[in-house]
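Asks:
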Ligand code: PBG
Ligand code: ZN
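Numbering (our numbering), first residue to last: 849 to 1175.
Set out below in structure tokens:
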């Protein structure tokens, strides 16, 4: 009996053995780095709530994306901030919009970097919602089907600009199916869709709203993002998206939703990404800046937690740091 009890300890106390039995690892090839390109800046603009993250002009985006790729990170997730917002979010699907322009430049200068484009309207609408809004008598309603039409146009315009993957983050009903057929009709039947299939209405998106300038001007996103209390609903959302044609799945946020990540990966087995979002980044950065926590160790622990919970890919603002730490 005593012999049995000593078993884990015998294994752990030998460094080589500890390495050989390690169940999970973090690989740079699994990281996706989110980047922000803005039509309103001509030099890198720091995002105060996300130290180390910037809004770039197209030129600076390309320059920095090259560095990201040289670190061994295979993919970026691109968000655009237009100079002009309107009710319809028309800059989202403009062939000369900020994302379309940036994608063309990226594919020209860093052709092997995977460019995943965010498909949503919240950065482009004057009201900051992810869809088209009908605002009457002090109440507002997000018009689902009208929004889906605009999202399809947006995805197709990004594909035409050269995006490798489109990632709809709006959470309107039926958008994956609609985007799939829109892409097929436009001749992009091989272009994968990475769906934010389980996206919760979260307080942890706060810092991102500074980065992407997409804070809702009234109301909140609870009619289209999910209730943090619901897990079965998340599985149903994912199942629907897969039926409609999603090729890759995103669970978002990461930290408070590890159970969802685990269940999604177990149940569906599709390539699954977790989005280690802005608030998760900001809180650890703040603690590290105060000397309250050791950043590198904490980040490695956090990311291995995502891997253990089933993430094949990790979308994280720490991608560059991780790539250099893992070298
Ligand atoms: C909305 C969107 C959000 C994020 C990316 N796209 C959330 C929101 O503002 O509701 C959050 C990402 C992050 O916090 O890092 N389409
Ligand atoms: Zn949005």
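Glycine is no exception: its CB is placed at the ideal position from the N, C-alpha and C atoms.
By DSSP, does residue 1151 sit in helix, in strand, or in coil?
Replies: Here residue 1151 corresponds to residue number 303 of the chain shown, with the count starting at 1. Residue state, collapsed to three classes: helix.
Asks: Count the other CB atoms, across all protein chains shown, that sit within 10 Å of the CB of residue 1026; report buried if there are 16 or more and exposed otherwise.
Replies: As a working mapping, residue 1026 is identified with position 178 in the chain shown. With 16 or more Cβ atoms within 10 Å of its Cβ, residue 1026 is classed as buried.
Asks: Going straight from the alpha carbon of residue 1112 to that of residue 1071, what length do you get?
Replies: Here residue 1112 corresponds to residue number 264 of the chain shown, with the count starting at 1. Here residue 1071 corresponds to residue number 223 of the chain shown, with the count starting at 1. Their backbone Cα atoms lie some 22 angstroms apart in a straight line.
Asks: Could you tell me which uninterrupted beta strand (DSSP E) segments, each at least 3 residues in length, are contained entirely in the region 1040-1069, listed from first to last along the chain?
Replies: Listed in chain order, they are 1042-1047.
Asks: Relative to the alpha-carbon of residue 1094, which residue among 863, 1031, 1009 and 955 has its alpha-carbon at the smallest distance?
Replies: Looking up residue 1094 in the chain shown gives position 246. Answer by Cα proximity: 1031.
Asks: Of all the options 921, 936, 914 and 969, which has the alpha carbon lying nearest to the alpha carbon of residue 1168?
Replies: By 1-based counting over the chain shown, the position of residue 1168 is 320. Out of 921, 936, 914 and 969, 921 has the C-alpha closest to the C-alpha of residue 1168.
Asks: Using 8 angstroms as the threshold, is the region 976-996 in touch with the region 945-953, meaning 3 or more CB pairs across them?
Replies: Short answer: they don't touch.
Asks: Just to confirm, are residue 913 and residue 954 a CB contact at a threshold of 8 angstroms?
Replies: On the chain shown, residue 913 is found 65 positions in, with the first residue counted as 1. On the chain shown, residue 954 is found 106 positions in, with the first residue counted as 1. Yes.
Asks: The alpha helix (DSSP H) that contains residue 866, what's its start and end?
Replies: Locating residue 866 in the chain shown gives position 18, where the first residue counts as 1. Segment 863-868, the alpha helix (DSSP H) holding residue 866.
Asks: Consult DSSP for residue 1176 and reduce its assignment to one of helix, strand or coil.
Replies: The shown model of the chain, from 849 to 1175, leaves out residue 1176, and the question about it has no answer.
Asks: How would you label residue 867, buried or exposed, when you count the other beta carbons within 10 angstroms and need 16 or more for buried?
Replies: Taking the chain shown and counting its residues from 1, one reaches residue 867 at position 19. Its Cβ having fewer than 16 others within 10 Å, residue 867 is exposed.
Asks: Are the CB atoms of residue 1126 and residue 1055 nearer to each other than 8 angstroms?
Replies: Against the chain shown, residue 1126 aligns to sequence position 278. Against the chain shown, residue 1055 aligns to sequence position 207. Contact: yes.
Asks: Pop quiz: residue 924 and residue 972 are said to be a contact at Cβ under 8 angstroms. What is the actual Cβ separation, rounded to whole angstroms?
Replies: Working through the chain shown from its first residue, we reach residue 924 at position 76. Working through the chain shown from its first residue, we reach residue 972 at position 124. Between residue 972 and residue 924 the Cβ distance is about 19 angstroms, and since that is not below 8 angstroms, they are no contact.
Asks: Using the Cβ count rule (16 or more neighbours within 10 Å means buried), how would you classify residue 1001?
Replies: As a first step, residue 1001 is located in the chain shown; it is residue number 153 there, counting from the start. Residue 1001 is buried by the Cβ-count criterion.
Asks: Please indicate yes or no: does the CB of residue 1089 lie closer than 7 angstroms to some heavy atom of ligand 1?
Replies: Numbered from 1 along the chain shown, position 241 holds the residue referred to as residue 1089. Every heavy atom of ligand 1 is 7 angstroms or more from the Cβ of residue 1089, so no.
Asks: Give every residue of the same chain whose Cβ lies closer than 8 angstroms to the Cβ of residue 1051, excluding the five residues on either side of it in the sequence, and list them in chain order.
Replies: Sequence index remark: in the chain shown, residue 1051 carries index 203 (1-based). Closer than 8 angstroms at the Cβ level, and outside the excluded window around residue 1051, lie 1127.
Asks: What beta strand (DSSP E) runs, 3 residues minimum, are completely inside the region 958-983?
Replies: Listed in chain order, they are 962-967.
Asks: Alpha carbon to alpha carbon, how far is residue 931 from residue 903? Give it in angstroms, no decimals.
Replies: Looking up residue 903 in the chain shown gives position 55. Looking up residue 931 in the chain shown gives position 83. When rounded, the distance between both Cα atoms is 13 angstroms.
Asks: Quick one: which unbroken alpha helix (DSSP H) runs of 4-plus residues sit fully inside the region 896-923? Chain order, please.
Replies: Here the runs fully enclosed are 906-918.
Asks: Would you kindly work out how many angstroms separate the C-alpha atoms of residue 1011 and residue 1077, rounded to a whole number?
Replies: The residue given as residue 1011 occupies position 163 in the chain shown. The residue given as residue 1077 occupies position 229 in the chain shown. About 34 angstroms.
Asks: For residue 885 and residue 943, I'd like the C-alpha separation in whole angstroms.
Replies: Within the chain shown, the letter at position 37 stands for residue 885. Within the chain shown, the letter at position 95 stands for residue 943. Roughly 16 angstroms between the two C-alpha positions.
Asks: The beta strand (DSSP E) with residue 854 in it runs from where to where?
Replies: As a working note, residue 854 is residue 6 in the chain shown. Segment: none, residue 854 is in no beta strand (DSSP E) and carries neither H nor E.
Asks: What's the gap between the Cα of residue 872 and the Cα of residue 1124?
Replies: What you label residue 872 is simply residue 24 of the chain shown in a count that begins at 1. What you label residue 1124 is simply residue 276 of the chain shown in a count that begins at 1. Distance between the alpha carbons of residue 872 and residue 1124: 18 angstroms.
Asks: Name all residues in chain order for which at least one heavy atom of ligand 2 lies closer than 5 angstroms to the residue's CB.
Replies: Answer in sequence order: 968, 970 and 978.
Asks: What is the rounded straight-line gap between the Cα of residue 1064 and the Cα of residue 1084?
Replies: Position 216 of the chain shown, counted from the first residue, corresponds to residue 1064. Position 236 of the chain shown, counted from the first residue, corresponds to residue 1084. Their backbone Cα atoms lie some 27 angstroms apart in a straight line.
Asks: Determine the extent of the alpha helix (DSSP H) in which residue 1133 is found, giving its start and end residues.
Replies: Residue numbering aside, residue 1133 sits at position 285 when the chain shown is read from its first letter. Here the alpha helix (DSSP H) through residue 1133 covers 1126-1137.
Asks: Between residue 896 and ligand 1, is there a pair consisting of the residue's CB and a ligand heavy atom that are separated by less than 7 angstroms?
Replies: As a working mapping, residue 896 is identified with position 48 in the chain shown. Residue 896: no, Cβ never under 7 angstroms from ligand 1.
Asks: How many angstroms separate the CA atom of residue 1121 from the CA atom of residue 1141?
Replies: Along the chain shown, read from residue 1 onward, the residue named residue 1121 stands at position 273. Along the chain shown, read from residue 1 onward, the residue named residue 1141 stands at position 293. Between residue 1121 and residue 1141, the C-alpha separation is close to 26 angstroms.
Asks: Quick one: what's residue 1016 bridged to in DSSP?
Replies: For this step, residue 1016 is matched to residue 168 along the chain shown. The partner list for residue 1016 (beta bridge, DSSP) reads 967.
Asks: For residue 981 versus residue 926, is the C-beta distance shorter than 8 angstroms?
Replies: Locating residue 981 in the chain shown gives position 133, counting from the first residue. Locating residue 926 in the chain shown gives position 78, counting from the first residue. It is not a contact, given that the beta carbons lie outside the stated cut-off.
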